[in-house]
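Data first, discussion second: the structure below is written as structure tokens.
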DNA sequence: TTGATAGGCAAGTCGCTACTTGCCTATTGT
DNA sequence: ACAATAGGCAAGTAGCGACTTGCCTATCAA
């Protein structure tokens, strides 16, 4: 579950796509292609962007709705809120502990 | 900057390492190797873990301190708090907008 | 109906990255 | 001094992932 989210966020292009969807929700594939070109200088093929969107969708970060021949892509930020809290314990900042002499396990 | 953090979090093994450091801070390389084996059944070579720790360190997620022949690894969660807020705008949840007929840019 | 637009499926290429192996340095204990 | 422990450097391998190319389907407008 969270694995898919981290995998989806690993790619810079996919993060840009999330940026563009944050700017305006409900875009089509061609709209996103155009925005990546004009706003980021990324000249990707339509298929490349489509595959990125598929990864984002299986991660639950993007949900889609079809309307006629258009397919609109909406951002879904809920998975983002859960993944990072895993290491941000309820206690506030981390304080390094006093070192202990370890026993090795080769 | 944030790119390194996302790249570091992309690998499952590196996430496990962060888990182990969350459990107990200030571990050595051999300790982490042992924990990955006993707690997760991951039988990696020492070098593999060392390389993972290097990635985590350049991402700023782990800081190290040398003491004699030991090198202790401490978790540093600060970079985690910043990366996700990028898409979690100050406004609360996302509401899909009304669709608009787009002009294409092939 | 025909052409244009929006999108999907499948196979193939290529580069990056996780991992291993082999050897080397430094610190500690007896 | 010597052996054992903790760690580092470098090169090589294998598999995954990003991207392309080619072709196919569906919806809408004229």
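Protein chains in written order, with this note's numbering: chain B, 1210 to 1315; chain W, 1210 to 1315. Note that CB positions come from ideal geometry on N, CA and C, so glycine has one too.
Which of helix, strand or coil DSSP assigns to residue i
i, result
"residue 1282 of chain W", "strand"
"residue 1274 of chain B", "strand"
"residue 1211 of chain B", "helix"
"residue 1299 of chain W", "coil"
Closer than 7 angstroms at the beta carbon, the chain W residues around residue i
i, result
"residue 1216 of chain B", "1219"
"residue 1227 of chain B", "1296"
"residue 1337 of chain B", "This structure leaves residue 1337 of chain B out entirely; chain B is present only between 1210 and 1315."
"residue 1267 of chain B", "Within 7 angstroms Cβ-Cβ: nothing; residue 1267 of chain B doesn't reach chain W, min ~15 angstroms."
Chain W residues whose Cβ lies nearer than 9 angstroms to that of residue i
i, result
"residue 1290 of chain B", "1293, 1297"
Under 9 angstroms from the C-beta of residue i: neighbouring residues of chain B
i, result
"residue 1212 of chain W", "1221, 1224"
Do the stretch 1244-1260 of chain W and the stretch 1218-1229 of chain W touch if we need at least three Cβ pairs shorter than 8 angstroms?
yes
Does the stretch 1264-1281 of chain B touch the stretch 1213-1220 of chain B, meaning 3 or more C-beta pairs lie closer than 8 angstroms?
yes
Which whole runs of the alpha helix (DSSP H) in the stretch 1218-1266 of chain W are 4 residues long or more, in chain order?
1221-1232, 1238-1249
Would you call the stretch 1285-1300 of chain B in contact with the stretch 1235-1242 of chain B, where contact means no fewer than 3 C-beta pairs closer than 8 angstroms?
no
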